[in-house]
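Every letter in the sequence shown is one number past the one before it in our numbering, and letter 94, counting from 1, is 913.
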Amino acid sequence: MNAPTLHNVQVISRDGKPEYAVVPYMDYLRLLEKAEDSEALIPHEVVGLVIEKEFNLLKAWRKHLGLTQKEVAQRAGITQSALSQMERTASNNRTATLEKLAKALGIATSQLVD
């Protein structure tokens with residue numbers, strides 16, 4: 820992924836240290852667009868749970884967000900036992916199920932896919 824190129828940036832300093840960067844409006848809009856794309860990123864804490872505790876992404880996200888299986892299952896409209904099974908296995912869940920789970924967790928569907 821390439822970072823957007825910024826043109827004509829004005830840097831405002833205070834006490835000899837840069838404090839603000841003023842960018843043209845079109846560059847600002849491109850930066851906003853890139854920031855919206857970054858929603859699909861996975862926080863370091865979630866990755867840590869996957870690596871250190873060998874959780875799958877679903878369980879790591881749930882733990883990171885401090886939610887119980889019961890809460891997530893209710894929000895997603897599935898049973899707690901079904902969620903438990905999904906957290907224990909590295910199965911390929913249906914897209915519709917992943918979408919429900921992502922919505923229940925408040926994340927993008929792509930954040931649940933390895």
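Note that the Cβ used here is the ideal one computed from N, Cα and C, for glycine as well. Computed from a predicted model, the values in this text were never measured in an experiment.
| Query | Result |
| --- | --- |
| My understanding is that residue 868 touches residue 882, with C-beta atoms under 8 angstroms, so please give their C-beta distance in whole angstroms. | 6 angstroms |
| Hey, quick one: how far does the alpha helix (DSSP H) through residue 969 stretch, first residue to last? | The structure shown does not extend to residue 969, since the chain spans only 820 to 933, so no value can be given for it. |
| Sort out for me which residues DSSP pairs residue 844 with in a bridge. | The partner list for residue 844 (beta bridge, DSSP) is empty, contrary to what the question assumes. |
| From residue 919 to residue 896, what distance separates their C-alpha atoms? | 8 angstroms |
| In the DSSP assignment, find the unbroken beta strand (DSSP E) run with residue 829 in it and report its ends. | 829-833 |
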